[in-house]
Amino acid sequence: MKIGIITGANSGLGYASTQKLLKEGYYIYMACRSEEKTLEAIKSFDPQLRAQVEYVHCDLSSFDSIRECATYVLNKEKQLNVLMLNAGLMATPPSETKEGYEMQIGVNVLGHALLADLLVPLIKTTPDARVISLSSVASNSGRPLQKQMLKLTKEYRPWQSYSNSKLGDVYYAKALAQYFREQDIDALSIAAHPGGTASQLQINTRKMGGVGISGPFWVYVMKFFGMTIHQGALSQLMGVLSSEVKNGDYIGPKGSGSAFKGNPKVIENYSVSQSELDDFRTLLKTELGLQHF
């Protein structure tokens, strides 16, 4: 049986991805912060699939929690076929992770990078393993991460920080792909964006109230014009299930970095300069002490 870990698996795109991969015969660790919400999600799966899924606590705003999650899986498994770095925060009010990083970048980029780094020993032992990093159309407005952007400042802007973090997710996927090539590891690192999807993400943004009237605006836009979570999850699932994707690919609806909806395809001609990728790798390795990056 193939083994997968999906962060933020109890709702939205993570929930839809979990449901699909369970039907494909995977055993899935749902790496989530809320045990109550995750167990409720598990109850909603078909009864015959519930034996293939397990909750594991993972608070991506805490490095200690991330290490405990990774240790739990490392002690139980000898392979890891899929690591889906799906969880995310969008346009939150000013806040910090337990280690003092700006919350969106800390969770969306740094927390996931640490989790993946800790799990690389399992990935190395698994032929054709897949690591999927979830980006967003918002990455088109992002700026490459710099050290000063990792911390909360007085100039904090919720949407800009979100965009920066989602561009960071693309850079992370590209950088990890380069590491896999350098180390001759039989694994694929792939970035994906869902397009416009009506999910819990917009609802959480509105509840937190960090972006004023634009929070409710995006809830209604996605509700009436966006895709369902099962449609939105197709890009990241293509990264897992397709035999045609390659290491370093970026997948989005209609094969575009800005398409709002449509069937997923590899985004052609999307490249990151080697100097920017080198700077990004140096920043994360130095900041997090990564061993496999």
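This note's numbering puts the first residue of the sequence shown at 7, with every later residue one more than the last.
C-beta: ideal position from N, C-alpha, C; glycine also.
**Prompt:** In chain order, what residues of the same chain lie with their CB nearer than 8 Å to the CB of residue 125, ignoring the 5 residues before and after it?
**Reply:** Position 119 of the sequence shown, counting from 1, holds the residue named residue 125. For residue 125, where only same-chain residues beyond five positions count, the Cβ hits under 8 Å are 11, 76, 79, 80, 86 and 89.
**Asked** Pairing CB atoms from the segment 126-139 with CB atoms from the segment 267-279, are three or more of them under 8 Å?
**Response** Counting C-beta pairs closer than 8 Å gives fewer than three between the segment 126-139 and the segment 267-279, which falls short of the contact rule.
**Request:** Would you kindly work out how many angstroms separate the C-alpha atoms of residue 36 and residue 161, rounded to a whole number?
**Result:** Translated into the one-based positions of the sequence shown, residue 36 becomes position 30. Translated into the one-based positions of the sequence shown, residue 161 becomes position 155. Each residue's Cα considered, the two are about 35 Å apart.
**Message:** On a Cα-Cα basis, can you pick out the residue from 31, 127, 158 and 278 that is closest to residue 174?
**Reply:** Working through the sequence shown from its first residue, we reach residue 174 at position 168. Measuring from the Cα of residue 174, the nearest candidate turns out to be 278.
**Request:** Return the CA-CA distance between residue 226 and residue 204, expressed in angstroms with no decimal places.
**Result:** Here the question's residue 226 lines up with position 220 in the sequence shown. Here the question's residue 204 lines up with position 198 in the sequence shown. Annotation note: pLDDT 49 at residue 226 (below 50); position unreliable, coordinate value reported separately. Residue 226 and residue 204: Cα-Cα distance of roughly 9 Å.
**Message:** Quick check on DSSP: helix, strand or coil for residue 155?
**Reply:** In the sequence shown, residue 155 corresponds to position 149, counting from 1. Reduced to three states, the DSSP call for residue 155 is helix.
**Message:** Can you find the residues in the same chain that come closer than 6 Å, C-beta to C-beta, to residue 247, ignoring five residues on each side of it along the sequence?
**Reply:** In the sequence shown, counting from the first residue as 1, residue 247 sits at position 241. So no residue of the chain qualifies.
**Asked** Per DSSP, residue 267 forms a beta bridge with which residues?
**Response** Here the question's residue 267 lines up with position 261 in the sequence shown. Residue 267 is not bridged to any residue.
**Message:** So, at 8 Å on beta carbons, what are the nonlocal neighbours of residue 33 in its own chain, with the 5 sequence-adjacent residues on each side left out?
**Reply:** Position 27 of the sequence shown, counted from the start, is the residue given in the question as residue 33. Result list for residue 33: 7, 8, 9, 10, 58, 59 and 60, in chain order.
**Alpha carbon of residue 212 to alpha carbon of residue 95, nearest angstrom** = Within the sequence shown, the letter at position 206 stands for residue 212. Within the sequence shown, the letter at position 89 stands for residue 95. Since pLDDT at residue 212 reaches only 44, below the 50 mark, its modelled position is unreliable, and no value is offered.
**Asked** Looking at C-beta atoms only, is the number of pairs between the segment 256-263 and the segment 151-165 that lie closer than 8 Å three or more?
**Response** no
**Request:** With a 10 Å radius around its C-beta and 16 neighbouring C-beta atoms as the bar for buried, classify residue 127 as buried or exposed.
**Result:** The residue you call residue 127 lines up with position 121 of the sequence shown. By the 10 Å Cβ count, residue 127 comes out exposed.
**Request:** Please classify residue 164: is it buried, with 16 or more other beta-carbons within 10 angstroms of its beta-carbon, or exposed?
**Result:** For the purposes of this step, residue 164 is taken as residue 158 along the sequence shown, with counting starting at 1. When all chains shown are included, residue 164 counts as buried.
**Message:** Considering only their Cβ atoms, is the gap separating residue 235 from residue 93 smaller than 7 Å?
**Reply:** In the sequence shown, counting from the first residue as 1, residue 93 sits at position 87. In the sequence shown, counting from the first residue as 1, residue 235 sits at position 229. No.
**Request:** Go to residue 90, then tell me how far its beta strand (DSSP E) extends in each direction, as first and last residue.
**Result:** One-based indexing of the sequence shown puts residue 90 at position 84. Per DSSP, residue 90 belongs to the beta strand (DSSP E) from 88-91.
**Asked** Can you list, in chain order, the residues of its chain whose CB lies under 7 Å from that of residue 56, leaving out five sequence neighbours each side?
**Response** For the purposes of this step, residue 56 is identified with residue 50 of the sequence shown, where counting begins at 1. Within its own chain, the residues whose Cβ lies closer than 7 Å to the Cβ of residue 56, once the five positions on either side in sequence are excluded, are 48, listed in chain order.
**Prompt:** From residue 209 to residue 141, what does the alpha carbon distance come to, in whole angstroms?
**Reply:** Taking the sequence shown and counting its residues from 1, one reaches residue 209 at position 203. Taking the sequence shown and counting its residues from 1, one reaches residue 141 at position 135. Summary for residue 209: the model assigns pLDDT 47, below 50, so the residue's position carries little reliability, and this model does not support an answer.
**Prompt:** In terms of residue numbering, what span does the alpha helix (DSSP H) encompassing residue 22 cover?
**Reply:** Taking the sequence shown and counting its residues from 1, the one referred to as residue 22 is at position 16. Looking at the DSSP string, the run of the alpha helix (DSSP H) that includes residue 22 is 18-29.
**Cβ shell of residue 107 (< 7 Å), same chain only, five flanking positions each side left out** = Locating residue 107 in the sequence shown gives position 101, counting from the first residue. Result list for residue 107: 116, 156 and 157, in chain order.
**Item:** For residue 190, the nearest candidate out of 182, 170 and 143 (CA to CA)
**Value:** Within the sequence shown, numbered from 1, the residue matching residue 190 stands at position 184. The residue from 182, 170 and 143 with its alpha-carbon nearest to that of residue 190 is 182.
**Expected contact under 8 Å - CB spacing of residue 297 and residue 123 to nearest Å** = Here residue 297 corresponds to residue number 291 of the sequence shown, with the count starting at 1. Here residue 123 corresponds to residue number 117 of the sequence shown, with the count starting at 1. Contact flag correct, Cβ pair sits at about 6 Å.
**Prompt:** For residue 65, does the count of other Cβ atoms within 10 angstroms reach 16, so buried, or fall short, so exposed?
**Reply:** As a working mapping, residue 65 is identified with position 59 in the sequence shown. With 16 or more Cβ atoms within 10 Å of its Cβ, residue 65 is classed as buried.
**Contact set for residue 239: own chain, Cβ-Cβ below 6 Å, skip 5 residues either direction** = As a working mapping, residue 239 is identified with position 233 in the sequence shown. Here the set comprises 19, 22 and 23.
**Message:** Between residue 103 and residue 145, how many whole angstroms is the CB-CB distance? I'm expecting something under 8 Å.
**Reply:** Counting from 1 along the sequence shown, the entry for residue 103 is found at position 97. Counting from 1 along the sequence shown, the entry for residue 145 is found at position 139. No, residue 103 and residue 145 are not in contact; Cβ-Cβ is about 21 Å, not under 8 Å.
**Message:** In the DSSP output, which residue or residues are listed as bridge partners for residue 256?
**Reply:** Against the sequence shown, residue 256 aligns to sequence position 250. Residue 256 pairs with 197.
**Item:** Rounded Cβ spacing between residue 289 and residue 151 (contact assumed at less than 8 Å)
**Value:** Counted from its first residue, the sequence shown places residue 289 at position 283. Counted from its first residue, the sequence shown places residue 151 at position 145. Correct: roughly 6 Å between the Cβ atoms.
**Message:** Going by DSSP in three states, residue 3 sits in which element: helix, strand or coil?
**Reply:** Since the first residue of the chain shown is 7 and the last is 299, residue 3 is not available in this structure.
**Request:** Name the residue from 97, 113 and 101 whose alpha carbon lies nearest to the alpha carbon of residue 39.
**Result:** Position 33 of the sequence shown, counting from 1, holds the residue named residue 39. Comparing Cα positions, the closest option is 113.
**Item:** Outcome for residue 275 when other beta-carbon atoms lying within 10 angstroms are tallied against a minimum of 16
**Value:** The count along the sequence shown starts at 1 and reaches residue 275 at position 269. With fewer than 16 other Cβ atoms within 10 Å, it is exposed.
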